[in-house]
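Here the working numbering runs 471 ahead of the position in the sequence shown, where the first position is 1.
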Amino acid sequence: MNTIEVRRSVHVEQPDGLEEAHVRWAGYVSARRNVLMEAVTFGGQRGYYFTVRHLSTRGYHPRPPLFRRSMDNGVSWTDAQTWAASAPIHGRWQLEIDAPNLIFNPTTDTLLRVYRTHHAVDGLLPWDRGAPARATGLLWTQLSRDGGNTWSDAEQLICQGAEHDPTHWAPGVWFGQNSGGVEAVAPVWVDERRFLLPFFGVHETPPYRHRSACLVGEWRADDSGVDWSLSSYATVKPEFSSDGGDEPSVTILPDGRWFMTMRVRTHRGAKLAIPSGKFYTTSADQGKAWSEPEPLRYSDGRQVYCPACLAHAFCSPKNGRLYIITNILDAPTCGCDPRTTLQIAEVDLQTLRIIPETVTVIETRDAAAGQPETIRFSNWTRYEDRATQNTVLFMTGCPGDVGRHETCGVPPHCYRYDIILPG
Numbered sequence: 472m473n474t475i476e477v478r479r480s481v482h483v484e485q486p487d488g489l490e491e492a493h494v495r496w497a498g499y500v501s502a503r504r505n506v507l508m509e510a511v512t513f514g515g516q517r518g519y520y521f522t523v524r525h526l527s528t529r530g531y532h533p534r535p536p537l538f539r540r541s542m543d544n545g546v547s548w549t550d551a552q553t554w555a556a557s558a559p560i561h562g563r564w565q566l567e568i569d570a571p572n573l574i575f576n577p578t579t580d581t582l583l584r585v586y587r588t589h590h591a592v593d594g595l596l597p598w599d600r601g602a603p604a605r606a607t608g609l610l611w612t613q614l615s616r617d618g619g620n621t622w623s624d625a626e627q628l629i630c631q632g633a634e635h636d637p638t639h640w641a642p643g644v645w646f647g648q649n650s651g652g653v654e655a656v657a658p659v660w661v662d663e664r665r666f667l668l669p670f671f672g673v674h675e676t677p678p679y680r681h682r683s684a685c686l687v688g689e690w691r692a693d694d695s696g697v698d699w700s701l702s703s704y705a706t707v708k709p710e711f712s713s714d715g716g717d718e719p720s721v722t723i724l725p726d727g728r729w730f731m732t733m734r735v736r737t738h739r740g741a742k743l744a745i746p747s748g749k750f751y752t753t754s755a756d757q758g759k760a761w762s763e764p765e766p767l768r769y770s771d772g773r774q775v776y777c778p779a780c781l782a783h784a785f786c787s788p789k790n791g792r793l794y795i796i797t798n799i800l801d802a803p804t805c806g807c808d809p810r811t812t813l814q815i816a817e818v819d820l821q822t823l824r825i826i827p828e829t830v831t832v833i834e835t836r837d838a839a840a841g842q843p844e845t846i847r848f849s850n851w852t853r854y855e856d857r858a859t860q861n862t863v864l865f866m867t868g869c870p871g872d873v874g875r876h877e878t879c880g881v882p883p884h885c886y887r888y889d890i891i892l893p894g
């Protein structure tokens, strides 16, 4: 049997329709026990509603973001601790603190916390002209030796090499000039000490196109922390993308190659040779060099159309097959929409093309229930269940560029999707 089955249930129920719950990261935090943690934020879509209208969010105070823990492999969850999502700098300026990734040391169970900060100006979106986010992003790390109950003082993530320092903290990245960040996913393990996190940012010089890489972490033998390096970068040419390639996803193929997907965007009015593509690249030398990025296609050669959207590529521990989760369309589009349907599909390991008959809907717009045409099913997080070896995905519907308001028609709950893969 090669069919994929999807089962949906409410994961975090929210009584207030104006304050959605969003699981930003979830995964295992122990090598020895099936202990899970998740990072949950609240009310970001309502905050977006104010900001997109250039209104101050200072009077808006959603519930603080929260760590939750499960000691029984996701059957039940309890609140663990909160963290601050922002801190004042001066006047309208504030420090935004993103949800973290958690990574355990397979030998000792020491936990690593990786998170990004950037400067923000009240009333400006991160991509608005004059917003400082693009030039002020930094990554920080903390350690916990008691399962995430307490954490060490934060230290800035700085890649190895005498040329790197707190300003020039990674290859091609300078604070105040450009920045970089990582995707909120579980690490991809290269061996028992080394792991990969998808990394992306913008070029350090105009026209500041997006590019993607793998951040490589290696646990030190004495368990004192992690040493960091960065693979080479990959991007998508201007004839195929209006602004490069970002929001990468990475997995390691059975033959040892690294496989990385990249999001691309088609601006309105752009005349691209391959519009609305989802591009991928491979590396046969552990990230020293990447192949020329190619558009994802079906087995028969047809192009796979996508909006500018997230994708997760992964090799299933259950059957060893390669899968991709993303928003797939029937025709080209511009920008980020529509994201009204989220699918999973198998990718042939020989041709690296999607097998059309495996495309399976995870979630789609329910027009009869009053869900708007602007609804987005995107920006999920996922992990592979150790007991079943199936994929668990957490996602909250988004009202889109209108933000969350009283009549947006989008439930505020976070849903759990158990994606049951063939054996």
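Ideal Cβ placement from N, Cα and C applies to all residues, glycine included.
First and last residue of the uninterrupted beta strand (DSSP E) at residue i
i	result
residue 497	492 to 499
residue 854	852 to 855
residue 704	Careful: residue 704 lies outside any beta strand (DSSP E) and carries neither H nor E.
residue 588	582 to 592
residue 773	Where residue 773 is concerned, there is no enclosing beta strand (DSSP E), given that its DSSP letter is neither H nor E.
residue 568	564 to 568
residue 887	885 to 891
residue 730	729 to 734
DSSP bridge partner residues for residue i (one or two, in chain order)
i	result
residue 839	Beta-bridge pairing links residue 839 to no other residue.
residue 681	673 and 715
residue 550	539
residue 825	769 and 818
residue 862	855 and 890
residue 615	582
residue 627	611
residue 881	In DSSP, residue 881 forms no bridge with anything.
residue 780	According to DSSP, residue 780 bridges with nothing at all.
Alpha carbon of residue i to alpha carbon of residue j, nearest angstrom
i	j	result
residue 641	residue 837	44 Å
residue 666	residue 630	14 Å
residue 715	residue 496	26 Å
residue 851	residue 482	13 Å
residue 610	residue 591	16 Å
residue 879	residue 873	8 Å
residue 479	residue 863	10 Å
residue 530	residue 808	30 Å
residue 645	residue 769	39 Å
residue 685	residue 839	42 Å
residue 859	residue 789	8 Å
residue 637	residue 627	7 Å
residue 602	residue 735	22 Å
residue 927	residue 881	Since the first residue of the chain shown is 472 and the last is 894, residue 927 is not available in this structure.
residue 827	residue 775	10 Å
residue 763	residue 517	40 Å
residue 695	residue 834	42 Å
residue 758	residue 660	14 Å
residue 571	residue 854	15 Å
residue 472	residue 829	Residue confidence is low: residue 472 scores 48 on pLDDT, short of 50, so the model does not pin down where it sits. No coordinate-derived value is stated.
residue 535	residue 737	36 Å
residue 690	residue 580	11 Å
residue 942	residue 494	Coverage of the chain is limited to positions 472 through 894, which leaves residue 942 absent and any answer about it impossible.
residue 655	residue 883	21 Å
residue 804	residue 514	29 Å
residue 557	residue 760	37 Å
Under the three-state DSSP convention, the category residue i falls into
i	result
residue 652	strand
residue 755	coil
residue 638	coil
residue 575	strand
residue 605	helix
residue 486	coil
residue 663	coil
residue 478	strand
residue 532	coil
residue 693	coil
residue 830	coil
residue 559	strand
residue 510	strand
residue 720	strand
residue 750	strand
residue 844	coil
residue 875	coil
residue 762	coil
residue 700	strand
residue 738	coil
residue 595	coil
residue 686	strand
residue 668	strand
residue 743	coil
Limits of the unbroken alpha helix (DSSP H) element including residue i
i	result
residue 517	515 to 523
Next on the checklist: So within the stretch 782 to 813, which uninterrupted beta strand (DSSP E) runs reach at least 3 residues, ignoring any that extend past its ends?
Outcome noted: 782 to 786 and 793 to 797
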